[in-house]
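These notes are about the structure you will find just below.
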Amino acid sequence: MNKIFLATSLALLMGLSSGFSQATEVFSEEDLAAVAQLRERGLQGSGGFDVVEELTTLVGARLAGSPEDAKAVAWAQAYLTEAGFDRVWLEPVTFPTWHRNKEEAKITSPIEREMVTLALGFSPPTPAGGVEAQVVMLDDYDALEAVDASVVEGKIIFIRNRMERARDGSGYGPAVRARSLGARIAAQKGAVAYVIRSIGTSTNRFAHTGAQRFDVGVRSLPAVAISNPDADQLERVMALGEPVSLHIEVDAEFVEAYTSHNVIAEITGAKYPDEVVAIGAHLDSWDVGTGALDDGAGIGIVTEAGRLIKALDQRPDRSIHIIHFAAEEIGLWGGRAWAEKNKDRMNLIQVGAESDFGAGPIYSMRAKVSEEAKPVIRAIHEQLSPLGIAFDGWGAYGGPDFRPAAAYGLAAIDLRQDGRNYFDYHHTENDTLDKIDPQHMVQNATAYAILAWLSAQSPVKFGSGPDLIEE
Ligand SMILES: [Zn+2]
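Numbering (my numbering), first residue to last: 99 to 569.
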C-alpha cells in the first residue's frame, strides 16, 4: 500500500470529507516538528494567565480614553519589548469617548425600590436631580420601532427582552440591538429616558454596561441598564396593574477626541518579512470589573502564542504580528484604524484572527480563505484537532477588531470559544481574574500558536484582497 492510499483510507476511517489533506502533504517535516514543540511547550506553559494577571493587577479596568487606557498602552509596550519580540511599536487611534460620574435608577411608585444600574456608553446626562416619569414597558427592540410616539411621549421606556444563553454566544446579537440602537429611537419618539434589562445572562444583582452606537449630532436619551433581578422585580411591579414611575439620574461626560494606540509586536519573517499573520485581542475594557475575561484573557492568549513561537529555534517564513487593539468596546476604533492602515496592502496580510470571547475552551475552527488555500486550512485543522477543536466550515470574520478589514477582503479564521458562561460576567463588576480557568487559556494559547505558525509557513497565500470581499 502506498502512502497516499494509506492516508485516504485513514481519512475515510476517521469519517473525514474527501477534501481532507494530510498535514505531511502540505507542510515540511521541520514545520511539523515545530508544531509538536509548540503543542508540548504550550500545554506545559502558562497559557498567558500570567499576562492577564499582571495587566488586571497593575492596570485593572481600562476604558478607552481614560488615564488607565494610557497606562495599559505603556504597560503593553514595555511588556512586549521585555518579552523579546523583534520589533514593538505603537500606531495612533483617535476616537470620541465618554465617562460616567454616577447613575441611579429607582422605582418611585407604587412602591419605592432602588435598582442596581449602570449607564450605557455614550449616555448623555440627565438634568441635575434626574428625571421622573411613568414607565412604558416594551418587549424588545422591534416593539420599540413599532410603538406609536403618542404611547411613549414624556415617558421612560423599559425594554424587557432577555438574552438567551448559548455556547456560541448567538443570543447576544438579537438582544444587543436594544442596547446599541434603542435610546436614539426612544428619543425620536419623545421619551425622556431609556432603561433596558441587562444584555447578559447573569442572575446576579449587577448590571451589564456596553456601548451604544454613537454618531455626532444624533440626539439620544439618558440610557441605563438595570440588573436582571431588578428587571424581574420591575416586571412584577408592573404586573400589579397600577401606573409605575421611575426616577433615573445619569451624570456622564463626553470627550470629542482622544488618541490612544494599537500596540503591535512582531516576529520578523525569515523569507517573506512583508507578509503578515495577524493575531490580536483588545487591550481596552469597560470601566467596571477588571476586564479579565473581556479581553484580558485574549491579550494573554495571543501574547503567549507569540512567546511560544518566538522561543522556537526556527523563524517563521512570514512575519507574525501580535496586536493589542485600542478602543474596541466603544466602537472598534483600533480595528478600524488597522483596516485603514492596511487596506492598500491587504494582499500581504495572510490572515487575521482575534481572541475576544473570554477564556472558555476553543471547540471549533472556521475560515474564510481562497479556494486554493482550503487544503492548507484542512491541514492546519488536523494539527489543532488533538486539542479538541472541530472543523466548522467556510466563512469567518476573525473577531470584532478584524471585522472592519472584511470590507477590504481580509482572510480570516475564527477559533470559536465556548461562551456559555461568558455573558454572566460580560461588561460587569464581576469580570475579574478569578473567573478564568488557566487550563482553558493553555488550550487557547497553544491553538493560537499552532495556527499562527502554520499560517506563516503555508505554501500558499490565504487570498486576502478583492476576491474575498463579500457583497
Ligand atoms: Zn471584548
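Heads up, the beta-carbon is just placed ideally off N, CA and C, and yes, glycines get one too.
None of the values given here were measured: they were computed from a predicted structure.
key: Span separating the alpha-carbon of A159 from that of G486   = To locate residue 159, count along the sequence shown from 1; it is residue 61. To locate residue 486, count along the sequence shown from 1; it is residue 388. Rounded to whole angstroms, A159 to G486 spans 32 angstroms at the Cα level.
inquiry  = Could you give the first and the last residue of the continuous beta strand (DSSP E) run that contains G378?
reply    = One-based indexing of the sequence shown puts residue 378 at position 280. Element bounds for G378: Y370 to H380.
query = Assuming H345 contacts E251 under a Cβ cut-off of 8 angstroms, what Cβ separation, rounded to an integer in Å, is found between them?
reply = Translated into the one-based positions of the sequence shown, residue 345 becomes position 247. Translated into the one-based positions of the sequence shown, residue 251 becomes position 153. Between E251 and H345 the Cβ distance is about 19 angstroms, and since that is not below 8 angstroms, they are no contact.
message = Quick check: the Cα distance between D499 and P190, rounded to an integer number of angstroms?
response = Position 401 of the sequence shown, counting from 1, holds the residue named residue 499. Position 92 of the sequence shown, counting from 1, holds the residue named residue 190. Taking the straight line from one Cα to the other gives about 15 angstroms.
key: Opening and closing residue of the beta strand (DSSP E) in which H479 lies   = Residue 479 sits at position 381 when you count from the first residue of the sequence shown. Element bounds for H479: not the beta strand (DSSP E) but the alpha helix (DSSP H), K472 to L482.
query = From G140, H380 and T224, pick the residue whose C-alpha is nearest to that of A170; which is it?
reply = On the sequence shown, position 72 is the one that residue 170 refers to. Ranking G140, H380 and T224 by Cα distance to A170 puts H380 first.
message = For I209, count the other beta carbons within 10 Å of its own beta carbon; 16 or more makes it buried, fewer makes it exposed. Which is it?
response = The sequence position of residue 209 within the sequence shown is 111, counting from 1. So I209 counts as exposed.
inquiry  = Quick check on the burial criterion: 16 or more other C-beta atoms within 10 angstroms. Buried or exposed for R211?
reply    = Start at 1 with the first residue of the sequence shown, and residue 211 comes out as number 113. Counting Cβ neighbours within 10 Å, R211 comes out exposed, since fewer than 16 surround it.
message = Tell me the rounded alpha-carbon separation between A504 and Q541.
response = Here residue 504 refers to the residue found at position 406 when the sequence shown is read from its first residue. Here residue 541 refers to the residue found at position 443 when the sequence shown is read from its first residue. Going from the Cα of A504 to the Cα of Q541 covers about 27 angstroms.
ask   = Is it buried or exposed for K200, if we count other Cβ within 10 angstroms and need 16 for buried?
value = As a position in the sequence shown, residue 200 is number 102, starting the count at 1. K200 sits exposed, since fewer than 16 C-beta atoms from the chains shown fall within 10 Å of its C-beta.
ask   = Can the beta-carbon of E402 be found closer than 7 angstroms to that of G146?
value = By one-based count along the sequence shown, residue 402 stands at place 304. By one-based count along the sequence shown, residue 146 stands at place 48. In this structure, G146 lies closer than 7 angstroms to E402 by Cβ.
ask   = Does the beta carbon of D266 fall short of 6 angstroms from some heavy atom of ligand 1?
value = Translated into the one-based positions of the sequence shown, residue 266 becomes position 168. No, ligand 1 has no heavy atom inside 6 angstroms of this Cβ.
query = Relative to ligand 1, what is the chain-ordered list of residues with a Cβ closer than 5 angstroms to any of its non-hydrogen atoms?
reply = D392, D393 and D454
inquiry  = In whole angstroms, give me the CA-to-CA distance for S164 and G298.
reply    = Taking the sequence shown and counting its residues from 1, one reaches residue 164 at position 66. Taking the sequence shown and counting its residues from 1, one reaches residue 298 at position 200. Cα to Cα, S164 sits roughly 25 angstroms from G298.
request  = Thinking Q555 and P371 are a contact (beta carbons under 8 angstroms), I'd like their distance in whole angstroms, please.
outcome  = Sequence index remark: in the sequence shown, residue 555 carries index 457 (1-based). Sequence index remark: in the sequence shown, residue 371 carries index 273 (1-based). That pair is no contact at about 14 angstroms.
task = Per DSSP, which residues does L236 bridge with? Please list them.
result = The residue given as residue 236 occupies position 138 in the sequence shown. I257.
request  = Please determine, among Q331, Q310 and A291, the residue with the shortest C-alpha to C-alpha distance to T301.
outcome  = Within the sequence shown, the letter at position 203 stands for residue 301. Selected option, being the one with the closest Cα: Q331.
query = Does DSSP put I567 in a helix, in a strand, or in coil?
reply = Here residue 567 refers to the residue found at position 469 when the sequence shown is read from its first residue. In this structure, I567 counts as coil in the three-state DSSP scheme.
key: Three-state secondary structure assigned by DSSP to T154   = For the purposes of this step, residue 154 is identified with residue 56 of the sequence shown, where counting begins at 1. Of the three classes helix, strand and coil, the one that applies to T154 here is helix, per DSSP.
query = When the Cβ atoms of the segment 462-477 are set against those of the segment 556-565, are three or more pairs found closer than 8 angstroms?
reply = A contact exists between the segment 462-477 and the segment 556-565.
key: Secondary structure of K169, DSSP reduced to three states   = Walking along the sequence shown from the start, residue 169 turns up at place 71. K169: helix per DSSP, three-state reduction.
ask   = With respect to the beta strand (DSSP E) encompassing Q515, which residues constitute its N-terminal and C-terminal limits?
value = By 1-based counting over the sequence shown, the position of residue 515 is 417. Start and end: A510 to Q515.
request  = May I ask you to verify whether the segment 478-498 touches the segment 350-357, counting CB pairs closer than 8 angstroms and requiring at least 3?
outcome  = no
inquiry  = Classify T192: buried if its beta carbon has 16 or more other beta carbons within 10 angstroms, exposed otherwise.
reply    = The residue given as residue 192 occupies position 94 in the sequence shown. Answer is exposed; the Cβ neighbour count stays below 16.
query = Beta-carbon separation of I428 and G219 under 7 angstroms?
reply = Residue mapping note: residue 428 aligns to position 330 of the sequence shown, counting from 1. Residue mapping note: residue 219 aligns to position 121 of the sequence shown, counting from 1. Yes, they are a contact pair.
Contact check, A488 vs S562, beta carbons under 7 angstroms = In the sequence shown, residue 488 corresponds to position 390, counting from 1. In the sequence shown, residue 562 corresponds to position 464, counting from 1. Contact flag unset, no.
request  = Return the CA-CA distance between E123 and K408, expressed in angstroms with no decimal places.
outcome  = Sequence index remark: in the sequence shown, residue 123 carries index 25 (1-based). Sequence index remark: in the sequence shown, residue 408 carries index 310 (1-based). Whole-angstrom Cα-Cα distance: 25 angstroms.
query = Which one of I294, S358, I365 and R277 has the shortest CA to CA distance from F312?
reply = By 1-based counting over the sequence shown, the position of residue 312 is 214. Cα-wise, what sits closest to F312 is R277.
message = Report the CB separation of G387 from N519 in whole angstroms; it is logged as a contact under 8 angstroms.
response = By one-based count along the sequence shown, residue 387 stands at place 289. By one-based count along the sequence shown, residue 519 stands at place 421. With a Cβ gap of about 15 angstroms, G387 and N519 do not count as contacting.
ask   = In whole angstroms, what is the alpha-carbon distance linking I255 and P194?
value = Start at 1 with the first residue of the sequence shown, and residue 255 comes out as number 157. Start at 1 with the first residue of the sequence shown, and residue 194 comes out as number 96. Each residue's alpha carbon lies about 27 angstroms from the other.
6 angstroms CB neighbourhood of A321 in its chain, flanking five on each side removed = For the purposes of this step, residue 321 is taken as residue 223 along the sequence shown, with counting starting at 1. So the list reads L218, S221, A281 and Y292, once near-sequence residues are dropped.
ask   = Using the C-alpha atoms, what's the distance from A550 back to S296?
value = Position 198 of the sequence shown, counted from the first residue, corresponds to residue 296. Position 452 of the sequence shown, counted from the first residue, corresponds to residue 550. Rounded to whole angstroms, S296 to A550 spans 36 angstroms at the Cα level.
ask   = Out of curiosity, what's the CA-to-CA distance linking V342 and I397?
value = Sequence index remark: in the sequence shown, residue 342 carries index 244 (1-based). Sequence index remark: in the sequence shown, residue 397 carries index 299 (1-based). Cα to Cα, V342 sits roughly 45 angstroms from I397.
ask   = In terms of residue numbering, what span does the beta strand (DSSP E) encompassing L71 cover?
value = Residue 71 lies beyond the stretch modelled for the chain, which goes from 99 to 569, so this question has no answer here.
ask   = Buried or exposed: V314, going by 16 or more other Cβ atoms within 10 Å of its Cβ?
value = Locating residue 314 in the sequence shown gives position 216, where the first residue counts as 1. Exposed, because fewer than 16 other Cβ atoms sit within 10 Å of the Cβ of V314.
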